[in-house]
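Take a look at the structure below.
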Amino acid sequence: MIVTSKTLLKFNTVKDFFHSEVVFDDSKNYQLFFQGRDALLSYVLNLNLKENDTILVPAFFCNSTILPLIDRGINVDFFDITNSLHPNINEIIEISNEKSLAAIIVVHYFGIVRDLSEISFFCSKNNIKLIEDFSHSYCSMVNVNLFGDVKISSLRKTFPVACGGILYREKIRENSSAYLPKSCFFRDFLFICKNLIIKFLVLFNINIFGKWSNSLRNYLRVIFMKKKDYSKKSHFPTEKYSKLTSQIIENKNLVSSKLEKSQENYQFLLNNIDIAGISFLNESSFDKYSAPQVLPVIYHEAENMEQYLRSKGIEAYIWPGEEAPDIGISDTNFPCTNFYNKNLLLLPCHEDLKIKHLNKIIYEMSQFSLKKNERK
Ligand SMILES: Cc1ncc(COP(=O)(O)O)c(C=O)c1O
């Protein structure tokens, strides 16, 4: 049995893609971009920054989202997170005494909605824009009110779609119909083909997460994605848009059903993983609007456990892993970020997982622990 970390395309979605039209509600208060990083870039560029203005980013973040800002000459600085994955407000205050902060990015890690009242108060008092990053879960984003000035999200992390960056504001855009997207059939078609191949491999129990497939993926990544030049990356809302993505955005029932089931799966894992050395973040009573994408567990052998689970067909992973900014890995000024970069293992809990999948995760984790004890 294979356990993926994200849901796979449903045959019904593919059928709808070819046979039905998407009707757009054009009174939205968000703009659509190709990726989440483009939504962020667009917002930051529109702040009309002065030379010394700085954007403050958590060190527990991914490089691919920061590089487009840096390549445009924007000053980026980092703060550490706390044990509970909240922004470290004391450190932010210290930095704000030295630098001119234009905006602060905070992340609702793994889809768990964080209480941002403290940082939101600080930002509005000091006239600093607060950007809430919901890239890890679109469903959490649509359910909660804004603490900050804008929210961004990345749909491809929550749903089986090729693309989808969102920039959401409280105020409804004027002239929103100007942004009505045209569908881009070819990109969607390639994505559907790729996703259907994965779906069949999973159905036939072929492990696509083992060592050989990871090496192949990393090899292809190196070939296709050598150092990119982000300075020319588009920061405009996309005109040619994915029909697959639009189908998701317009389907109102999807979010509530996903929310309920992923919460249930999260809670099941939380209640049933009982393995020496494993602990959890203090968020067992998470907000009822959170749609967790994964269950994070703290374990000092996270990397070994990750490899073991993947060799057994379970797509556990460490985030941001190789994508971490160098500062998050090496700088001792960021102890929490460093700790979580090494010790936080993410377990799948999305809505399509059934009890048998969750039991497999729990079983394989205990097998790993047993084998480790035998080796001692
Ligand atoms: C926290 C966070 N923010 C933003 C992004 C950017 O999303 P996208 O990949 O759609 O550009 C990512 C992606 O890795 C992310 O993890």
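Sequential numbering of the sequence shown, starting at 0, is according to numbering that gives the first Met the number 0.
No residue lacks a Cβ here, since even glycine has one placed at the ideal position from N, Cα and C.
Check	Outcome
Three-state secondary structure (DSSP) at Ile328?	helix
For Phe32, count neighbouring C-beta atoms within 10 Å of its own C-beta (all shown protein chains included) and say buried if the count is 16 or more, exposed if not.	buried
Taking the alpha-carbon of Leu166 as reference, which of Ile197, Thr12, Phe60 and Asn45 has the nearest alpha-carbon?	Asn45
Can you tell me whether Arg36 sits near ligand 1, meaning its C-beta is under 7 Å from at least one heavy atom of the ligand?	yes
Nearer than 7 Å: is that true of the beta carbon of Cys138 relative to any heavy atom of ligand 1?	no
Give the single residue among Glu363, Val296 and Lys260 whose Cα lies nearest to the Cα of Trp318.	Val296
Applying the criterion that 16 or more other CB atoms from any shown protein chain within 10 Å of the CB defines a buried residue, is Asp187 buried or exposed?	buried
DSSP state of Phe60, grouped into three classes?	coil
Taking 8 Å as the threshold (C-beta atoms), are Asp132 and His107 in contact?	yes
Find out if the Cβ-Cβ distance for the pair Leu115, Gly147 is shorter than 8 Å.	yes
Glu363: buried (16+ other C-beta within 10 angstroms of its C-beta) or exposed?	buried
Got a sec? Which residues, its chain only, sit under 8 Å from Ala161 by beta carbon, not counting five neighbours each side?	Arg155, Arg186, Asp187, Leu189, Phe190, Ser241, Leu243 and Thr244
Using the C-alpha atoms, what's the distance from Asp79 back to Pro334?	7 Å
Does the Cβ of Ser63 lie closer than 7 Å to at least one heavy atom of ligand 1?	yes
Tell me where the beta strand (DSSP E) around Asp76 begins and ends.	Asn74 to Phe78
Cβ-heavy atom distance between Ser134 and ligand 1 below 7 Å?	yes
At which residues does the beta strand (DSSP E) containing Phe32 begin and terminate?	Tyr29 to Phe32
Going by CA-CA distance only, name the one from Asn125, Thr3 and Ile151 that's closest to Gln34.	Ile151
In three-state DSSP terms, what is Lys287?	coil
How many Å lie between Ser176 and Glu249 at the Cα?	Summary for Ser176: the model assigns pLDDT 43, below 50, so the residue's position carries little reliability; its value from the coordinates is reported in the next sentence. Taking the straight line from one Cα to the other gives about 15 Å.
Assess contact between the region 201-211 and the region 298-314, defined as three or more Cβ pairs (one per stretch) separated by less than 8 Å. Is contact present?	yes
Taking just the CA atoms, how far does Asn264 sit from Leu357?	8 Å
May I ask you to verify whether the region 47-64 touches the region 323-339, counting CB pairs closer than 8 Å and requiring at least 3?	yes
What is the rounded straight-line gap between the Cα of Ile1 and the Cα of Asn47?	48 Å
Answer yes or no: the CB of Arg155 versus the heavy atoms of ligand 1, is any distance below 7 Å?	yes
Near Glu50, which residues of its chain fall below 8 Å by C-beta distance, leaving aside the five closest residues on each side in sequence?	none
Regarding Gly320 and ligand 1, is the C-beta to nearest heavy atom distance less than 7 Å?	no
At which residues does the beta strand (DSSP E) containing Asp132 begin and terminate?	Lys128 to Asp132
From which residue to which residue does the beta strand (DSSP E) around Pro295 run?	Val293 to Ile297
For Ser119, I'd like the list of residues in its chain whose CB is within less than 7 Å of its CB, leaving aside the five on either flank, ordered along the chain.	Leu129, Phe146 and Gly147
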